[in-house]
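This is the structure in structure tokens:
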């Protein structure tokens with residue numbers, strides 16, 4: 001099996017693990033659900049152990065599958081990084097990469113990764129421009145910069161999008177609020193609670209919860225504070241104003257410290273949204289500098305983002 005086939009096989013295994021479904025995993029690949037099942041059967045035969053328990057409702061990892069997943073993630077990351085390093089050594093890219101990224105994501109996750117990237121590649125420089133917007137999918141600054149990081153539905157088919165990370169949205173509130181108002185055990189009970197919401201256009205998956213394989217809209221009955229900025233909503237949730245429904249890349253640090261508590265996560269994190277975090281560019285083939293950075297970002301942020309891995313481990317302990 002060549003490195004590309006191994007990466008694809010392990011990536012398929014990790015997608016099944018993440019989505020809990022052969023059907024959901026097949027939508028990420030040009031495969032049918034039955035083809036995904038056959039490939040997992042083949043992988044289990046090669047490994048010599050059962051990796052998943054199949055049921056009519058879900059596909060869940062066995063203890064051997066969980067242990068294998070940790071190795072698989074490292075193998076996929078190392079193979080992707082090795083490919084990126086081979087590209088860099090063959091073309092020896094030098095020069096400046098200009099990036100336009102949302103401020104909140106840039107501070108929390110992108111800037112530390114770029115710092116590591118620049119330590120690895122002394123011939124490259126990065127100009128990182130942090131802005132407030134995360135949902136503008138038009139790529140208005142492309143041409144002035146090489147890459148634009150955005151989240152949401154693609155609005156312009158002329159742009160080339162590289163998926164970097166999946167998006168998981170979680171309902172959460174402060175311990176003080178939940179002690180005062182009680183803990184909702186079902187999204188339908190949100191109507192009895194206070195909340196924090198978007199002022200104006202909300203993200204497509206805000207306040208939508210999967211129940212019986214369908215998405216349902218459930219919102220708090222009273223909105224104590226609305227804002228056009230997600231970090232402002234986090235501040236309101238930390239202050240105990242109500243329940244917020246926010247992406248895990250923004251709330252993971254507070255959830256891990258117990259400053260916010262997750263809701264409706266008895267079976268683990270909710271499934272990822274069908275949209276994600278993307279790097280947009282104009283040209284079909286990125287220049288060697290941008291290609292190297294894109295490969296490095298994919299290694300660091302996928303197949304499961306580090307903030308979601310940490311939350312999964314935390315939820316499994318409880």
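Residue numbers (full-length UniProt numbering): 1 to 318.
We put the CB at the ideal spot given by N, CA and C, even for glycine.
According to the neighbour-count rule (16 or more other Cβ atoms, all chains shown, within 10 Å of its Cβ), is residue i buried or exposed?
| i | result |
| --- | --- |
| residue 289 | buried |
| residue 255 | buried |
| residue 182 | exposed |
| residue 191 | exposed |
| residue 174 | buried |
| residue 251 | buried |
Do you know offhand how far residue i's Cα is from residue j's?
| i | j | result |
| --- | --- | --- |
| residue 237 | residue 243 | 6 Å |
| residue 302 | residue 149 | 15 Å |
| residue 118 | residue 95 | 11 Å |
| residue 116 | residue 299 | 12 Å |
| residue 42 | residue 36 | 10 Å |
| residue 263 | residue 165 | 22 Å |
| residue 28 | residue 63 | 25 Å |
| residue 21 | residue 76 | 21 Å |
| residue 135 | residue 33 | Low local confidence applies: a pLDDT of 45 at residue 135 is under 50, so the model's placement there is unreliable, with the coordinate-based value given in what follows. Their backbone Cα atoms lie some 32 Å apart in a straight line. |
| residue 19 | residue 126 | 34 Å |
| residue 145 | residue 280 | 10 Å |
| residue 179 | residue 304 | 32 Å |
| residue 323 | residue 232 | Past the edges of the chain, shown from 1 to 318, lies residue 323, and the structure says nothing about it. |
| residue 11 | residue 46 | 16 Å |
Should residue i and residue j be called a contact, given that it needs their Cβ atoms to be closer than 8 Å?
| i | j | result |
| --- | --- | --- |
| residue 294 | residue 241 | no |
| residue 51 | residue 65 | yes |
| residue 73 | residue 124 | no |
| residue 152 | residue 275 | yes |
| residue 249 | residue 307 | yes |
| residue 239 | residue 218 | no |
| residue 99 | residue 167 | no |
| residue 214 | residue 270 | no |
| residue 315 | residue 268 | yes |
Excluding sequence positions up to five away, which residues of its chain have a Cβ less than 7 Å from the Cβ of residue i?
| i | result |
| --- | --- |
| residue 205 | 169, 273 |
| residue 221 | 191, 192, 193 |
Might you give, ordered along the chain, the residues of its own chain that have their beta carbon closer than 8 Å to the beta carbon of residue i, omitting 5 neighbours on each side?
| i | result |
| --- | --- |
| residue 132 | 102, 103, 229 |
By Cβ distance below 6 Å, which residues in the same chain neighbour residue i in space, the five residues on each side in sequence not counted?
| i | result |
| --- | --- |
| residue 223 | 195, 197 |
| residue 111 | none |
Hey, which unbroken runs of the beta strand (DSSP E) at 3 residues or more fall wholly within the stretch 145-181?
The beta strand (DSSP E) runs lying completely inside the stretch 145-181 and spanning 3 residues or more are 147-151, 160-166, 169-173, given in chain order.
At what residue ranges does the stretch 232-263 contain a whole run of the alpha helix (DSSP H), taking only runs of 4 or more?
248-257, all fully within the stretch 232-263.
Output the residue ranges of the alpha helix (DSSP H) runs that lie fully inside the stretch 32-111 and measure 4 residues or longer, sorted by chain position.
List check, alpha helix (DSSP H) in window: 33-47, 63-91.
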